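Worksheet: the structure to be examined is printed underneath.
Residue numbers (the numbering used here), protein chains in the order written: chain A, 42 to 291; chain B, 32 to 529.
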């Protein structure tokens, strides 16, 4: 079943069109990779899906579970199950990670009309989840991402993904700033969360990440459009021949 | 502070109907005529049954006040105050009479609800009047008991305090019952000639709290004006005097987290603290008076003089304040570090939104040897507000080894507000060590979006980020106060973004 349907999406930022009619369908349980050179519009796509301010949608539509996503506030999208793992997770000084996680999880549950977690129930849940991801408890006591290494920040994103149980995870350049070991740990976390109901959209420059998170479908973006889609072998092909061949196609 | 919680719980159990009768009625003759004159001062003193020395004290202050002019150095802007156009005693609330809770602005009710203030207290605070013909004294008594549930709690406290030898009573009572203490200390920290507003207060103060902790006593509980919430007409001119005798300790919580909606324009309170050798006073304030409406109309002018005197060696005074209300705040809780090795602290969160103007900070005056002080100030400006930190740190010639650490952080929300830091530093001896750090930052769109992507609304996101920003200061507040202050901070920033 289609989870995310992006149809002929046109997006502007400050009068400049970034996406010129992008179409993409992601079904439940699928892993999609979106590849492309800098400036091809990959991050713009992830931001528009998540509802970041500053983008003007001038045409097309996005359906999520059949509903018009563009009509929803960004926090409503989160509560409905859209999760964006940030390329550069922000630091929030003075707010303990544990507090942040509980506040966010309860906000989502409340928005869905579910009961909020009590503190003991929440603690139990977060301990379970962090243990399964090998995340040390003391990381949860520190300020959100404050003084975290690149690898810790990405693991914190994976932890949130595991805790919030979204149905669509968009991973924006998850490999940036990570060494091989940190990348492997983060990717293992993501793989552990893959399920028949949950779809992943992995945005990346490099094929490297796709050795760890193996996609069902690979899309190549260039100049604000998807110019080619194929199986996982497409990523290898790109690695060998580069993006230049698609510049003309766009 | 479990007692406060108990009060709240008990109050919650009493239904609103009972509460409706729980008010003292205004008696017309209890009002002083409008305006200020020697007669007004005499009227107040007489109403309070004061001894002659007190009246003389007030009159001297009044005469001094006549020769003074309003200070203009603060970064606040307001129309000239007509001091003859004010009531100085038992000023009745010029708000319309409300007969039931249904008539209160639903917006206000919503705020109370968020603060977790029981409805009974809301009715009290909003001045819901009893129904005519229902003022049968017997029923009133029951009702008053109900309203004063907090007082019966307070009475249990009184017994315990008495056992410890702690005196805690309205200052008007202390003037009659403990004149020797009041005479000795009143005006000894903030003299009647101190400044325009303090002098005015000295002439016309209506009531306030008096605390005396005898030598060696650690006050067995946090003293709070919370359970004196009923005295809503203590007036605009509160006077508080707290004395910690040798080796004693007391923690005092001022104001209450209940929103004090008060139409009175001018509030000029004076607070004096005295610590003798090895004594400590911890004074915490949460202030959320009416800040004016969204167009900047109305709101309280809050001109407060608060000062502590570390009179004895090794004594300590610590101020913690959370300021979210008032249209204008002019307030510099200060410490005179007179005793050797004495220590002063000032922890402040000042939040301004809408058209609020805050000019607040502290003075640390180092007179004794090896005195130390610490200032942590967090200013948050939103809307079209202006938020100024003004601080003085000074070391006297003889204050060898004086040390100060100051950190002033400002956070801006939006682009129409202003944050200003005005530090004054004077060291008159070469052994003083003063450190000053200041930062100004803007709440980042990326941080907000990160929170919102995780399911928080814009307002929740702002509240979370701001609470993180002020965490160092919140930690200085007594536990339950901190929780309510945290809620209050989020509420006062509502509508500040987007």
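From the three backbone atoms N, C-alpha and C, an ideal C-beta is built for every residue, glycine too. As the structure is a prediction and not an experimental result, all values here were calculated from the model.
Residue 446 of chain B versus residue 386 of chain B - alpha carbon distance: 13 Å
Beta-carbon contacts of residue 185 of chain A that lie in its chain and below 7 Å, excluding the five residues immediately before and after: 132, 133, 136, 138, 141
Secondary structure of residue 440 of chain B, DSSP reduced to three states: strand
Neighbour list for residue 85 of chain A in chain B, Cβ cutoff strictly below 7 Å: In chain order: nothing, as chain B lies at least about 14 Å away.
Residue 224 of chain B to residue 251 of chain B span [Cα, whole Å]: 35 Å
Residue 174 of chain A in three-state terms, based on DSSP: coil
Cα-Cα separation, residue 160 of chain A to residue 150 of chain A: Distance between the alpha carbons of residue 160 of chain A and residue 150 of chain A: 14 Å.
Exposed unless 16 or more other CB atoms sit within 10 angstroms - verdict on residue 199 of chain A: buried
Selection of the segment 146-166 of chain A by Cβ proximity to chain B, strictly under 7 Å: Listed by position, the residues of the segment 146-166 of chain A near chain B (Cβ gap below 7 Å) are 148, 149, 152.
Chain B residues whose Cβ lies nearer than 8 Å to that of residue 135 of chain A: 498, 499, 500, 501, 502, 503
Nearest-angstrom Cβ-Cβ length linking residue 495 of chain B and residue 319 of chain B, presumed shorter than 8 Å: The Cβ separation is near 20 Å, so there is no contact.
DSSP three-state assignment for residue 322 of chain B, whether helix, strand or coil: For residue 322 of chain B, the three-state secondary structure derived from DSSP is coil.
Residue 213 of chain A classed as buried or exposed, judged by whether at least 16 other C-beta atoms fall within 10 angstroms: buried
Sequence-distant residues of its chain with Cβ nearer than 6 Å to residue 198 of chain B (five each side left out): So the qualifying residues of the chain are 243.
Chain A within 9 Å of residue 485 of chain B, Cβ atoms only: yes
Contact with chain B by residue 195 of chain A, beta-carbon distance below 9 Å: no
Backbone CA spacing between residue 72 of chain A and residue 257 of chain A [nearest angstrom]: Whole-angstrom Cα-Cα distance: 5 Å.
Residue 439 of chain B versus residue 476 of chain B: straight-line alpha-carbon distance, rounded: 23 Å
Classification of residue 205 of chain B by the beta-carbon crowding that lies within 10 angstroms, buried from 16 upward: Flag for residue 205 of chain B reads buried.
Buried or exposed by the 16-neighbour rule on C-beta atoms within 10 Å, applied to residue 42 of chain A: exposed
Selected residue, minimal CA-CA separation from residue 393 of chain B, among B:403, B:407, B:524: When only C-alpha atoms are compared, the closest one is B:407.
Under 7 Å from the C-beta of residue 93 of chain A: neighbouring residues of chain B: 480
Beta-carbon proximity check, residue 253 of chain B vs residue 509 of chain B, cutoff 9 Å: yes
Range covered by the alpha helix (DSSP H) that runs through residue 110 of chain A: Careful: residue 110 of chain A lies outside any alpha helix (DSSP H) and carries neither H nor E.
Spatial neighbours of residue 53 of chain A in its chain, beta-carbon cut-off 6 Å, leaving aside the 5 residues before and after: 97, 99
Short CB-CB distance (under 9 Å) between residue 66 of chain A and chain B: no
Whether residue 273 of chain B touches residue 301 of chain B by CB criterion (9 Å): no
Residues that residue 519 of chain B contacts on chain A, provided the C-beta gap is smaller than 8 Å: Within 8 Å Cβ-Cβ: nothing; residue 519 of chain B doesn't reach chain A, min ~17 Å.
The segment 226-236 of chain A contacting the segment 195-210 of chain A, beta-carbon criterion three pairs below 8 Å: yes
Residue 249 of chain A vs residue 60 of chain A beta-carbon contact at 9 Å: It is not a contact, given that the beta carbons lie outside the stated cut-off.
Residue 308 of chain B to residue 431 of chain B span [Cα, whole Å]: 19 Å
According to DSSP, residues forming a beta bridge with residue 395 of chain B: According to DSSP, residue pairing for residue 395 of chain B in a beta bridge involves B:366, B:424.
Test item: CB-CB of residue 278 of chain B and residue 305 of chain B under 9 Å: At least 9 Å separates the beta-carbon of residue 278 of chain B from that of residue 305 of chain B.
Buried versus exposed call for residue 162 of chain A [16 or more other C-beta atoms within 10 Å across all chains shown]: Of the residues assessed, residue 162 of chain A falls on the exposed side of the cut-off, its CB having fewer than 16 other CB atoms within 10 angstroms.
Within chain B, partners of residue 116 of chain A - CB distance below 7 Å: 483, 486, 487, 488
Meets three-Cβ-pair contact criterion under 8 Å: the segment 359-371 of chain B and the segment 72-82 of chain B: Between the segment 359-371 of chain B and the segment 72-82 of chain B there are fewer than three C-beta pairs closer than 8 Å, too few to call the two in contact.
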